[in-house]
Amino acid sequence: MKFRPCIDLHNGQVKQIVGGSLNDSGQNPATNFVSSKPSSWYAQLYRDDHLVGGHVIKLGANNDQPAAEALAAWPGGLQVGGGITAENASWWMSAGASKVIVTSYVFSHGRVDLKKLEQLVREVGKENLVLDLSCRKKQDQYYVVTDRWQTFTDTAVNAESLRQLSEYCAEFLIHGVDVEGLQQGMDESLVALLAENVSIPCVYAGGVRSFDDLRKLKSVGKGKIDVTVGSALDLFGGQLPYRRVVEFCSE
1 MKFRPCIDLH
11 NGQVKQIVGG
21 SLNDSGQNPA
31 TNFVSSKPSS
41 WYAQLYRDDH
51 LVGGHVIKLG
61 ANNDQPAAEA
71 LAAWPGGLQV
81 GGGITAENAS
91 WWMSAGASKV
101 IVTSYVFSHG
111 RVDLKKLEQL
121 VREVGKENLV
131 LDLSCRKKQD
141 QYYVVTDRWQ
151 TFTDTAVNAE
161 SLRQLSEYCA
171 EFLIHGVDVE
181 GLQQGMDESL
191 VALLAENVSI
201 PCVYAGGVRS
211 FDDLRKLKSV
221 GKGKIDVTVG
231 SALDLFGGQL
241 PYRRVVEFCS
251 E
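Under the working numbering, the final residue of the sequence shown carries the number 251; numbering is consecutive throughout.
Have a look at this one:
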């Protein structure tokens, strides 16, 4: 299990946001942490610690510049997501992204748009593409949600969909939206589902708050699922020591 660091950007600042509170209503989302440090500071820290495969996520507008600054500070070390399309994906790769992360762009009217997905593969290659499957539960079934986690698609997260989508990408980034940012523990059933069915690298984000959670994730995830920790880290105002988490995951 590898530790994958994160840099979440909202209105140009590094923030940690409660997952389901991000919306298009104009109201400010529920926020756990706002950093006084620039995105490049975090990217340089991750570079110094040789942490590869982390991600920079642009949550809405006004984040392109700080995202580019983070990539410039750790070229080839960070993935980038948020507003990625077939038209701009190559630019973000040239700006220093190791991979581009897509979600809403490849879903149209609540279902997977394979034409857009194939176009992205042509533009940057399957090996440079990460699918962000942000998951919410509805009627005891996980579904992919888009549009800042507001819209349920008809794509259920199961063995069939994970197999199909893995044919178009190099990795999955899975957000457990129902627990994202709440520091109430990870979504064990989602992690178990992923461990049973993923055949490519997979990163889980959502709710991890303690070393017990990390141990549980390593066990439930059968060592196959990498982890991102956000609000719980002391880097972002939480109680979990960043340095110890890095050491724990590298053991």
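C-beta atoms are modelled at their ideal positions from N, C-alpha and C, and glycine is treated no differently.
| Query | Result |
| --- | --- |
| Host alpha helix (DSSP H) of K58 (start-end) | Counting along the chain, K58 falls outside any alpha helix (DSSP H), though it belongs to the beta strand (DSSP E) covering 54-58. |
| Where the beta strand (DSSP E) through A205 begins and ends | 202-205 |
| Given 8 Å, three or more beta-carbon pairs between the segment 34-47 and the segment 83-92 | no |
| Inter-residue CB distance, G96 and L71 (contact presumed, cutoff 8 Å) | 4 Å |
| D49 versus H10, S90, K2, residue with shortest Cα-Cα distance | K2 |
| Coarse secondary structure for K222, derived from DSSP in three states | coil |
| Nonlocal neighbours in the same chain, by C-beta distance under 6 Å from G238, ignoring five residues either side | S231, A232 |
| Complete runs of the beta strand (DSSP E) confined to the segment 52-126 [at least 3 residues] | 54-58, 78-81, 100-102 |
| N- and C-terminal bounds of the beta strand (DSSP E) containing Y168 | Careful: Y168 lies outside any beta strand (DSSP E) and carries neither H nor E. |
| Residues that DSSP places opposite L193 in a beta bridge | Answer is none; L193 lacks a bridge partner. |
| Cutoff 7 Å; reference I7; Cβ partners in own chain excluding five residues on either side | V14, S39, Y42, A43, V56, A70 |
| Length of the line joining the Cα atoms of E171 and N128 | 9 Å |
| Close Cβ partners of Y242 (< 8 Å) along its chain, the five nearest in sequence each way excluded | L233, D234, L235 |
| Nearest candidate by alpha-carbon position, reference R4, set Y204, S161, D187, A67 | Y204 |
| Cβ-based burial, N11 [other Cβ within 10 Å; buried from 16] | exposed |
| Backbone secondary structure at K216 - three-state DSSP | helix |
| Cβ shell of V179 (< 6 Å), same chain only, five flanking positions each side left out | D187, G206, G207 |
| Spatially closest choice to E196 from E123, E160, H175, S210, by CA coordinates | E160 |
| Contact set for P75: own chain, Cβ-Cβ below 8 Å, skip 5 residues either direction | G96 |
| Inter-residue spacing [alpha-carbon to alpha-carbon] between P66 and S134 | 23 Å |
| L165 and L193 closer than 8 Å at C-beta | no |
| Contact test: S210 Cβ vs the ligand GTP heavy atom, cutoff 7 Å | In the structure shown, the ligand GTP is absent, as is every other ligand, since no ligand is present at all. |
| Residue range of the unbroken alpha helix (DSSP H) whose run includes D48 | 39-48 |
| Spatial distance of H109 from V198 (CA atoms) | 25 Å |
| As assigned by DSSP and simplified to three states, the class of S21 | Unreliable positioning characterises S21 in this predicted model, as indicated by a pLDDT of 48, which lies under 50. The coordinate reading is nonetheless provided below. Helix. |
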